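Undergrad: For the sequence shown, the working numbering gives the first residue as 440, with consecutive numbering after it.
No residue lacks a Cβ here, since even glycine has one placed at the ideal position from N, Cα and C.
As the structure is a prediction and not an experimental result, all values here were calculated from the model.
Once you've had a glance at the structure underneath, I'll fire off some questions.
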Amino acid sequence: MRSALPVWGPATGVGSLPGTDPVEAMRLVVGELPDLPHLPELPGRGAGSDLIGRAAALLVDLYVDLTPAGWRLVARPGADLRRAREALARDLDALYEVAERYVGPLKIQVTGPWTLAAGLERSRGDRAVVDAGARRDLAQSLAEGIGAHVAAVSARVPGASVLVQLDEPSVPAVLQGGLPTVSGFGKLSAIESNVVEEQLAGLVRQVSAPVVVHCCVQRAPLDLFRAAGAQGLSFDLGLVQDLDAVGTAIEAGTHLLVGVVPGTDTDLGRPKATASRVQAWWRELGFPAEELAGAVTLTPSCGLAGASQGYARTAMAHVREAAKYLLPE
440 MRSALPVWGP
450 ATGVGSLPGT
460 DPVEAMRLVV
470 GELPDLPHLP
480 ELPGRGAGSD
490 LIGRAAALLV
500 DLYVDLTPAG
510 WRLVARPGAD
520 LRRAREALAR
530 DLDALYEVAE
540 RYVGPLKIQV
550 TGPWTLAAGL
560 ERSRGDRAVV
570 DAGARRDLAQ
580 SLAEGIGAHV
590 AAVSARVPGA
600 SVLVQLDEPS
610 VPAVLQGGLP
620 TVSGFGKLSA
630 IESNVVEEQL
640 AGLVRQVSAP
650 VVVHCCVQRA
660 PLDLFRAAGA
670 QGLSFDLGLV
680 QDLDAVGTAI
690 EAGTHLLVGV
700 VPGTDTDLGR
710 PKATASRVQA
720 WWRELGFPAE
730 ELAGAVTLTP
740 SCGLAGASQG
750 YARTAMAHVR
760 EAAKYLLPE
């Protein structure tokens with residue numbers, strides 16, 4: 440059963456980082472985000488460390504292989520899946536090496552069931568997301584894999600309180616009928632919101648840790664994610680215009696992981712200015728200033744895999760320092 444009162448930190452990362460060395464990446468995260476580190480993802484290592492391949496490495500009794508068109512469900516495991524699992528194992532080794540004695544909240548990231556189904560082809564060549572049976576099997580397999588992953592992380596860092604972030608960037612396109620067909624010449628039909636919510640909720644209920652749902656694209660359906668049982672919502676502050684949905688989430692006690700700096704290199708300015716922007720947004724929402732620090736965790740807007748090493752470090756330090764200005768005086 441999930442914790443009723445998860446512990447949140449003032450700042451954390453979204454997930455991905457540049458580079459290929461998991462030990463170096465883990466040291467960077469623990470150093471810059473000591474109150475809520477995350478297990479970094481390194482897609483720069485290539486196939487198997489990307490969004491879809493990494494989640495596929497967690498699947499139980501389902502297998503994938505890489506084709507010229509992308510990842511596809513197959514009957515038996517092959518070299519591509521083995522590579523993905525080996526990369527994940529190295530990340531867990533790095534976690535143990537760097538953070539074995541860490542005590543506190545620790546976030547892991549997994550591709551959510553809808554984005555995974557949207558990114559995987561069936562053997563017949565269409566996306567798994569169009570097949571209700573395939574979606575159900577994937578969600579069940581993923582839930583089992585997440586459970587094993589949480590256990591593996593907890594075994595390596597016994598003092599950690601694990602949080603699970605489900606990355607769902609494809610959900611808006613699923614709801615709006617915006618996913619392209621495999622041929623690229625058409626669009627897949629939209630899927631009703633109640634269907635999306637029910638399947639996501641089914642997976643969330645099976646995860647034995649507090650769940651955050653992350654979506655850093657426009658029209659992120661925050662109400663749907665909250666209704667599905669997410670205890671945290673992660674989004675890009677600059678892309679979320681539905682203040683009513685945000686306000687409803689806050690009133691319901693849902694924690695907000697707010698993306699405040701870009702995921703690629705730019706001039707970030709001063710952390711105090713970033714904090715002032717968040718404070719102005721909070722005032723517009725109409726909530727007491729003294730509640731802000733406890734309700735919000737600051738993050739980059741999206742993953743940092745497309746950034747330089749130097750910028751990634753700066754971005755994480757920036758959100759850590761900006762979060763200090765949110766504390767009541």
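#1: Going straight from the alpha carbon of E536 to that of V650, what length do you get?
#2: Going by the DSSP bridge assignment, what does V700 pair with across the sheet?
#3: On the criterion of 16 or more Cβ atoms from any shown chain inside 10 Å, does R515 qualify as buried, or is it exposed?
#4: Within the 8 Å Cβ cut-off, does G454 reach chain B?
#5: Smallest Cα separation from L676: which of L661, G686 and V699?
#6: Could you name the residues of the same chain whose beta carbon sits closer than 8 Å to that of M440, not counting the 5 residues immediately before and after it, in chain order?
#7: Along the beta strand (DSSP E) that carries P393, what are the first and last residues, could you check?
#8: At a threshold of 7 Å, does L724 count as lining the ligand HEM (C-beta to nearest heavy atom)?
#9: Which same chain residues end up closer than 6 Å to L497 when comparing Cβ atoms and leaving out the 5 residues on each side of it in sequence?
#10: What is the rounded straight-line gap between the Cα of V656 and the Cα of P608?
#11: Nearest CA to the CA of V758: which residue from S747, C741, P767 and A523?
#12: Select from V685, V635 and I491 the residue whose C-alpha is nearest the C-alpha of S455.
#13: Can you check whether the CB of L531 is closer than 8 Å to the CB of A612?
#14: Let me know the secondary structure DSSP gives L642 once reduced to three states.
#15: How long is the line joining the alpha carbons of P449 and F624, rounded to whole angstroms?
#16: Excluding the five sequence neighbours on either side, which residues of its own chain have a C-beta within less than 7 Å of the C-beta of T753, listed in chain order?
#17: Rounded to whole angstroms, what is the Cα-Cα separation between V634 and V679?
#18: Where in the segment 485-509 do unbroken runs of the alpha helix (DSSP H), each at least 4 residues long, occur, reported from the N-terminal end onward?
#19: Who are the near neighbours of W721 in its chain, counting only those whose CB is closer than 6 Å to its CB and skipping five residues on each side?
#20: Given this structure, state the Cα-to-Cα distance separating E471 from E463, to the nearest angstrom.
#21: Output needed for D681: all residues of its chain with C-beta closer than 7 Å, excluding positions within five of it in sequence on either side, in chain order.
#22: My assumption, with CB atoms under 8 Å, is that A594 sits in contact with G543. Please give the rounded CB distance.
#23: Report the CB separation of S581 from A494 in whole angstroms; it is logged as a contact under 8 Å.
#24: For V621, tell me which candidate among R658, P461, A659 and T506 has the shortest Cα-Cα distance.
TA: Working from what's here:
#1: Looking at the two C-alpha atoms, the distance is approximately 25 Å.
#2: P739
#3: exposed
#4: This model lacks chain B altogether, as it is built from one protein chain only.
#5: V699
#6: At M440, the pLDDT of 42 sits below 50, so the modelled position is not reliable; the number obtained from the coordinates is stated separately. Cβ neighbours of M440 beyond the five flanking positions: S647.
#7: The question about residue 393 has no answer here: the residues shown for the chain are numbered 440 through 768.
#8: The ligand HEM is not part of this structure, which contains no ligands at all.
#9: G584 and H588
#10: 6 Å
#11: Taking only the C-alpha atoms, the option nearest V758 is C741.
#12: For S455, the nearest C-alpha among the options comes from I491.
#13: no
#14: Judged by DSSP in its simplified three-state form, L642 adopts helix.
#15: Spanning the two alpha carbons is a distance of roughly 45 Å.
#16: L707
#17: 23 Å
#18: As far as the segment 485-509 is concerned, its whole alpha helix (DSSP H) runs of at least 4 residues are 490-495.
#19: L731
#20: Rounded to whole angstroms, E471 to E463 spans 12 Å at the Cα level.
#21: L661
#22: Not confirmed; about 17 Å, so no contact.
#23: The sequence shown places Leu at residue 581, rather than the Ser named in the question. Their Cβ separation, rounded to whole angstroms, is 7 Å, which keeps L581 and A494 in contact under 8 Å.
#24: T506
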